[in-house]
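One structure is given here, and the rest of the page talks about it.
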Amino acid sequence: MATFQSLPDAVSENLHDGDTVAFEGFTHLIPHAAAHEVIRQGITDLTVVRMTPDVIYDQLIGVGLVKKMIFSYAGNPGVGLLRRMRDAVEKGWPRTLELEEHSHAAMANAYEAGAAGLPLAVLRGYRGVDYSKVNDNIKSITCPFSGETLAAVPSVQPDVTFIHAQKADRKGNVLIEGILGVQKEAVLAARRSVVTVEEIVDDLDAHPNACLLPHWTVTAICTVPGGAHPSYAHGYYVRDNANYIAWDRISSDRDTFLAWMDEHVINATPQEFAGRVEELRTQA
Amino acid sequence: MATFQSLPDAVSENLHDGDTVAFEGFTHLIPHAAAHEVIRQGITDLTVVRMTPDVIYDQLIGVGLVKKMIFSYAGNPGVGLLRRMRDAVEKGWPRTLELEEHSHAAMANAYEAGAAGLPLAVLRGYRGVDYSKVNDNIKSITCPFSGETLAAVPSVQPDVTFIHAQKADRKGNVLIEGILGVQKEAVLAARRSVVTVEEIVDDLDAHPNACLLPHWTVTAICTVPGGAHPSYAHGYYVRDNANYIAWDRISSDRDTFLAWMDEHVINATPQEFAGRVEELRTQA
Amino acid sequence: MSEPGFTPDEMMTIAASRALKNDDVCFVGIGAPSAACNVARLTHAPDITLIYESGTIGTAPDVLPLSIGDGELCDTAVTTVSVPEMFRYWLQGGRITIGFLGAAQLDRFGNINTTVIGDYQAPKTRLPGGGGAPEIAAASGEIFITMKQSLRGMVEKIDFYTSFGHGDGGDHRERLGIDTKGPTMLITDLAIWRPEPESNEFAVVSLHPGVSRDDVQANCGWTVKFADNIEETPPPTDLELQTLRDLKARTKAAH
Amino acid sequence: MSEPGFTPDEMMTIAASRALKNDDVCFVGIGAPSAACNVARLTHAPDITLIYESGTIGTAPDVLPLSIGDGELCDTAVTTVSVPEMFRYWLQGGRITIGFLGAAQLDRFGNINTTVIGDYQAPKTRLPGGGGAPEIAAASGEIFITMKQSLRGMVEKIDFYTSFGHGDGGDHRERLGIDTKGPTMLITDLAIWRPEPESNEFAVVSLHPGVSRDDVQANCGWTVKFADNIEETPPPTDLELQTLRDLKARTKAAH
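Residue numbers (this note's numbering), protein chains in the order written: chain B, 11 to 294; chain A, 11 to 294; chain F, 265 to 519; chain U, 265 to 519.
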């Protein structure tokens with residue numbers, strides 16, 4: 011049963027040091043506000059999971075909260091590399107970072123299998139490539155009917171999944187529309203889930219086959235308008251591409267990064283996200 | 011690329027004696043008109059696949075066109091047993107019928123795996139039950155991570171899938187809304203597909219995440235208003251429950267059955283379906 | 265039996281409805297389960313989540329569906345998903361608290377046959393088959409079974425294991441690696457039964473009003489066990505009976 | 265080179281766009297592939313189906329997306345599906361005719377590295393990784409690769425096999441049970457390359473206007489093979505160039 015609460019409360023009640031956590035979002039609806047709250051609370055030694063770790067994972071890694079990352083593409087989409095993540099991998103700053111690296115197909119299947127309550131995902135994947143040489147969690151099974159060898163990876167079942175969605179109704183049913191990513195799967199695969207939303211409405215006014223999470227599948231719901239910024243919320247505000255481009259410079263230097271984090275994350279609040287998307291709303 | 015054509019042409023061009031064929035629909039959107047056209051053309055020695063074979067499979071079996079049935083629940087929903095199917099299984103009339111019997115979970119997964127291009131589906135299923143004693147296509151795999159034994163079934167990949175949908179646009183993109191069943195999977199899993207629709211429209215006016223089959227995934231589209239009757243088409247007409255109840259009596263006797271088939275199928279046309287749903291439209 | 269003012273069938277449905285809680289997530293079959301779940305929703309469990317295997321989640325039908333895929337179920341649902349998703353994410357995903365099953369044949373350990381009477385290859389009666397039941401029986405948190413008692417239905421040995429209950433009894437589920445509770449309640453038109461602690465054999469724990477132990481045994485093909493303290497099932501309240509009868513009347517008018 | 269009226273980058277994009285047909289179903293990456301696919305759509309292949317791994321099927325963006333998940337892609341799509349469905353039903357399902365890939369490192373057999381420069385455990389440069397590429401490379405009907413030539417990028421031996429091309433050449437794909445064609449075209453800023461029939465090693469089949477064999481070799485880390493009959497790539501037409509430049513101008517204004 012979904013509890014409506016503040017983001018600080020939802021984070022402190024659901025995420026603990028050492029947890030495996032996914033902040034999912036596929037360019038669209040990335041839960042920036044939730045990740046920033048985790049950084050403010052200093053919850054550490056995390057194993058972070060995501061298909062496309064981008065700026066928020068760069069930030070979590072850069073402030074030293076991440077022990078291990080399970081992922082398939084770590085980049086600043088359309089801009090370049092993740093400089094804080096590189097610094098951790100290449101130089102061990104601020105701490106070493108263990109990587110479990112997959113392909114998108116394997117990660118997407120692993121979330122799907124997690125939502126389906128299975129211990130593994132089976133796919134036709136990883137043929138001829140080097141991933142299994144560096145990742146012990148890539149194995150295979152043999153099809154008892156065709157004899158074909160198929161790839162197997164463990165399902166993803168995080169302790170906590172954070173997502174951002176457009177809206178919830180007063181019962182706590184959550185609606186996601188547009189580019190869906192793996193958010194529904196990430197919530198259903200997780201033991202606990204925290205959903206930040208743009209708004210709470212009386213009626214979701216949803217299409218019968220829309221992507222909807224019933225209230226009893228979600229642990230906590232927090233109203234955080236703008237909570238996806240600089241990512242976007244379809245129908246609410248557009249992507250802040252300039253912000254993503256700026257991150258490349260901010261993250262290029264450790265001191266610049268830390269100063270930026272102090273100002274925009276450590277000494278900020280979830281309420282500030284609304285202001286950050288003000289000018290991006292008109293284009294949505 | 012979808013071809014727009016008449017139902018008789020679509021059936022004769024795509025379905026051949028000896029084919030494996032699925033007419034899918036889960037109570038909603040069952041492609042009755044298509045099955046009746048197959049009966050008129052006398053295409054025979056079919057292996058028919060469906061999760062919930064009901065009246066149309068009773069009819070196909072009763073006229074002797076079916077060699078084998080792959081299924082998980084063969085009943086007249088809410089009414090009772092399938093009497094023509096029983097007659098074939100119990101008495102071999104009008105011919106013997108080979109059964110490959112699964113559970114719904116296995117069939118649903120088998121269609122899903124077929125759509126995903128995999129040779130098998132893996133599920134936590136069939137524990138403690140007798141299915142595998144009577145069905146060689148139920149095997150198992152062992153998860154290389156957890157050691158758990160899971161059920162495996164071959165994917166379903168029919169030669170042809172027939173479905174009925176609400177509408178298509180002029181390019182041939184097909185929209186399904188409401189109770190979706192496994193129709194999308196059944197089409198994507200098949201080599202060829204024939205979709206009967208209530209109407210062709212200029213704009214599908216579809217939700218971004220609606221259940222939609224792009225035109226290049228469908229082989230043929232035929233406009234057959236009422237083509238799901240006595241099943242229903244959400245938004246167009248309601249289910250003809252009285253007709254399902256009447257089937258129990260019609261199918262209870264071989265001669266009554268054959269006379270009914272002569273009158274309502276053999277000597278009928280796809281165009282007649284529109285008239286059959288006339289009075290059911292007002293309640294939709 | 266004197267005239268109790270309600271039928272055994274009504275008592276069965278209402279007794280089943282009482283076993284459901286407001287926060288349950290029920291996988292609903294057609295017939296008695298559907299009526300019981302909706303009576304619960306319309307009386308003491310307004311927030312109960314009803315799921316039909318056609319993919320409709322959180323339905324609140326005004327009339328009982330004739331099939332598990334009636335349009336009413338989709339119209340009133342919180343959301344409707346595809347059937348593969350239903351079986352993967354929702355049932356296998358372990359989200360169902362109560363699975364409701366009926367039976368053509370049932371044994372004392374809650375094993376169910378809805379496949380064939382007689383030999384599978386040359387059956388006396390070919391039944392519809394299992395549908396969702398085999399995995400509902402294994403994946404739901406617990407299983408409630410409803411059926412009208414008869415010597416033909418409640419048998420010493422079922423002809424085909426369509427759904428696994430407690431197998432040969434005891435810890436048989438556990439030994440097969442099934443970690444859900446299995447059948448925890450059998451609601452018939454005559455009594456309420458629960459599995460005994462060690463053996464997991466069904467024993468009568470409550471007799472419906474006006475029903476004797478002999479009535480139960482006369483309509484059961486195995487030697488019936490009775491719990492030490494047998495209760496009498498409270499008769500339907502006016503609200504329960506009226507709710508069920510209104511639902512049935514609306515349903516009859518609609519179909 | 266004299267002033268040709270277009271940049272090598274423009275020539276690369278336009279040459280790639282020409283390789284696409286009206287009935288192709290393309291899995292599109294960001295950057296040059298996205299521009300090429302959309303130029304094709306806006307010129308000779310209006311009905312081409314463009315698919316981005318974010319789940320958008322049949323997109324027709326007015327501006328180029330900065331990321332594979334921009335809202336424009338969903339707004340203009342025929343439909344948008346979840347990412348698991350995208351990889352299961354659409355890519356693995358064998359529905360993609362052309363997969364478009366870029367590369368950080370590429371070898372003569374079309375094998376691609378976008379994972380690390382140097383040793384995986386102690387890399388000189390940690391790159392983003394493969395994303396969808398490993399399975400795009402195996403499941404798409406054929407693969408087109410676009411990249412700007414450089415000694416650093418086109419190497420004798422790649423440091424990590426992120427995407428399998430023709431492996432060690434010859435029938436290596438077949439021996440691994442991969443039944444798709446793999447890389448059938450490499451479009452650089454200097455030339456068009458195709459795998460030679462037997463060896464599957466890339467050979468230059470067409471030089472872009474004003475480019476010499478020496479230019480190609482000077483920007484390639486392996487000894488370049490040239491086909492027997494080398495053509496000159498037709499220069500961009502006015503329509504192609506205008507379409508590409510308009511697209512880029514709209515994109516720049518939008519982001």
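Note that CB positions come from ideal geometry on N, CA and C, so glycine has one too. Because the structure is a prediction, the values reported are computed rather than measured.
Same chain, Cβ closer than 8 Å to residue i, neighbours up to 5 away in sequence not counted
i, result
"F/Asp432", "Phe373"
"A/Asp140", "none"
"A/Lys194", "Ala125, Ile186, Cys221, Leu223"
"U/Ile315", "Val289, Cys290, Phe291, Val292, Ile321, Gly322, Thr323, Met350, Trp354, Ile360"
"B/Val192", "Glu34, Phe36, Met61, Met117, Ala118, Tyr121, Glu122"
"B/Ser262", "Arg93"
Proximity below 8 Å, CB of residue i to CB of residue j
i, j, result
"B/Ala238", "B/Ala12", "no"
"A/Leu198", "A/Leu160", "no"
"B/Pro154", "A/Lys143", "no"
"B/Arg50", "B/Glu34", "no"
"A/Ala84", "A/Thr206", "no"
"A/Ala115", "F/Gln356", "yes"
"B/Arg137", "U/Ala304", "no"
"F/Thr271", "F/Val289", "no"
"U/Phe408", "U/Ile451", "yes"
"U/Pro325", "U/Leu306", "no"
"F/Ala367", "F/Met411", "yes"
"U/Pro387", "B/Ser113", "no"
"F/Ser476", "F/Thr497", "no"
"F/Glu406", "F/Gly446", "yes"
"A/His217", "B/His217", "yes"
"U/Glu462", "U/Gly434", "yes"
"B/Leu290", "B/Asp250", "yes"
Sequence-distant residues of the same chain with beta carbon closer than 7 Å to residue i, five excluded per side
i, result
"U/Leu298", "It is Ser, not Leu, that sits at residue 298 of chain U in the sequence shown. Here the set comprises Val292, Leu328, Pro329."
"A/Asp27", "Ile53, Thr54, Asp55"
"F/Ala341", "Thr320, Ile321, Gly322, Thr323"
"F/Lys512", "none"
"F/Thr379", "Leu391, Gly393, Gly394, Phe424, Thr426"
"A/Pro129", "Pro164, Ser165"
"A/Leu25", "Val31, Val48, Ile53, Val170"
"B/Ser22", "Gln51"
"A/Ile66", "Phe33, Ile40, His42, Ala45"
"B/Leu268", "none"
Extent of the continuous beta strand (DSSP E) run through residue i
i, result
"B/Lys194", "Premise fails: B/Lys194 lies in the alpha helix (DSSP H), 193-199, not in any beta strand (DSSP E)."
"B/Gln7", "One cannot answer for residue 7 of chain B here, as it falls past the ends of chain B, which runs 11 to 294."
"F/Asp492", "489-496"
"B/Tyr141", "Where B/Tyr141 is concerned, there is no enclosing beta strand (DSSP E), although the alpha helix (DSSP H) it sits in stretches over 141-144."
Cut-off 6 Å between Cβ atoms - residues of its own chain near residue i, not counting five sequence neighbours on either side
i, result
"U/Met275", "His472"
"B/Thr30", "Thr57, Pro168, Asp169"
"U/Ala300", "Thr277, Ala280, Ser281"
"F/Thr344", "Gly319, Thr320, Cys338"
"A/Glu122", "Glu195"
"B/Ile40", "Ala238, Ser241"
Opposing strand residues paired with residue i [DSSP bridges]
i, result
"U/Cys301", "According to DSSP, U/Cys301 bridges with nothing at all."
"B/Asn183", "None, per the DSSP bridge assignment."
"A/Phe81", "A/Arg60, A/Glu111"
"A/Glu209", "A/Lys177"
Start and end residues, alpha helix (DSSP H) containing residue i
i, result
"B/Arg259", "251-260"
"U/Leu505", "502-518"
Hey, which unbroken runs of the alpha helix (DSSP H) at 4 residues or more fall wholly within the segment 336-421 of chain U?
List check, alpha helix (DSSP H) in window: 397-403.
Please list the segments of the alpha helix (DSSP H) lying wholly inside the segment 28-55 of chain A, counting only runs of 4 or more residues, in order along the chain.
Correct list: 42-51.
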